[in-house]
Amino acid sequence: EAGVTQFPSHSVIEKGQTVTLRCDPISGHDNLYWYRRVMGKEIKFLLHFVKESKQDESGMPNNRFLAERTGGTYSTLKVQPAELEDSGVYFCASSQQGVGTKNIQYFGAGTRLSVL
Amino acid sequence: AQSVTQLGSHVSVSEGALVLLRCNYSSSVPPYLFWYVQYPNQGLQLLLKYTTGATLVKGINGFEAEFKKSETSFHLTKPSAHMSDAAEYFCAVSSSYSGYSTLTFGKGTMLLVSP
Chain C
1 EAGVTQFPSH SVIEKGQTVT LRCDPISGHD NLYWYRRVMG KEIKFLLHFV
51 KESKQDESGM PNNRFLAERT GGTYSTLKVQ PAELEDSGVY FCASSQQGVG
101 TKNIQYFGAG TRLSVL
Chain Y
1001 AQSVTQLGSH VSVSEGALVL LRCNYSSSVP PYLFWYVQYP NQGLQLLLKY
1051 TTGATLVKGI NGFEAEFKKS ETSFHLTKPS AHMSDAAEYF CAVSSSYSGY
1101 STLTFGKGTM LLVSP
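These protein sequence lines are chains C and Y, in that order.
Numbered as in the numbering used here, the first sequence ends at 116 without a single skipped number.
Numbered as in the numbering used here, the second sequence ends at 1115 without a single skipped number.
Next comes the structure, spelled out in structure tokens:
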């Protein structure tokens, strides 16, 4: 079974440009999460989808960030326009619905975004 | 609200020595606790988890952790370090009350293993 897949693995863009990150969750996982780690800081929650609906987007830093999950499958996270402080590693995770062990989140390898 | 504190951003041990990575948490509801590991140039991998039941949990690669409610701790240990254990380790907490729950992470501890 394929794990959580993210691409690109690395993106280098200039300030003001647009970047779109993609995440393919594990098949059958209704929950999809985005997290971000800025250099030197902890990994922080950005938002959570249940199927195609945004359940919690309290961690989104500002309106330059737009996340979508079309048809409840893969998700994209667009940053437009990118700023220097957006640099970091963006992780995607997915989990099954339910409590207990179903609540375990499986992470992708991350996308390292560098804004110059 | 939940929070996680990992003591020590870097921990250095010699190969064969005991590994102890400290994690303390704060949670207003019964927590689920996790340790994740990130090897160089790889993603986050689940090392072990505590949800319910036995408070001493065993994970992959010989690691284990003990949930101590009275101390609000979930320290990670391994009796004998191996060079391949060099990685960054993250402690995380989530709520046990929901069918889905965001993770709150600590800042991570980089484990350095010397020959």
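All C-beta atoms in this analysis are idealised placements derived from N, C-alpha and C, irrespective of residue type, glycine included.
Predicted model only: the values in this text are computed from it and were never measured.
Interface flag, residue i vs chain C, CB-CB below 7 Å
i	result
Y/K1107	yes
Y/G1043	yes
Y/Y1102	Residue identity differs from the one stated: residue 1102 of chain Y is Thr in this sequence, not Tyr. It does; some Cβ of chain C falls within 7 Å.
When the options are compared against residue i, the one with the closest alpha-carbon
i	options	result
C/K15	C/P81, C/T111, C/S94	C/P81
C/S53	C/V38, C/N31, C/R64	C/N31
Y/S1070	Y/E1015, Y/P1030, Y/S1012	Y/P1030
Y/L1103	Y/S1012, Y/V1019, Y/L1021, Y/L1033	Y/L1033
Y/K1078	Y/G1008, Y/R1022, Y/H1010	Y/R1022
Cβ pair residue i, residue j closer than 7 Å
i	j	result
Y/Q1006	Y/C1091	yes
C/L77	C/A93	no
C/R22	C/G88	no
Y/G1043	C/G108	yes
C/E42	Y/F1074	no
Y/S1114	Y/S1014	yes
C/V19	C/S9	no
C/Q6	C/T111	yes
Simplified DSSP assignment, three categories, for residue i
i	result
Y/E1071	helix
Y/N1041	coil
C/I13	strand
Y/E1064	strand
Y/S1084	helix
C/E68	strand
Y/N1024	strand
Per-residue burial, residue i [other beta carbons within 10 Å of its own, 16 or more giving buried]
i	result
C/N62	exposed
Y/K1049	buried
Y/H1082	exposed
Cutoff 7 Å: residue i Cβ touching any chain Y Cβ
i	result
C/I26	no
C/E42	yes
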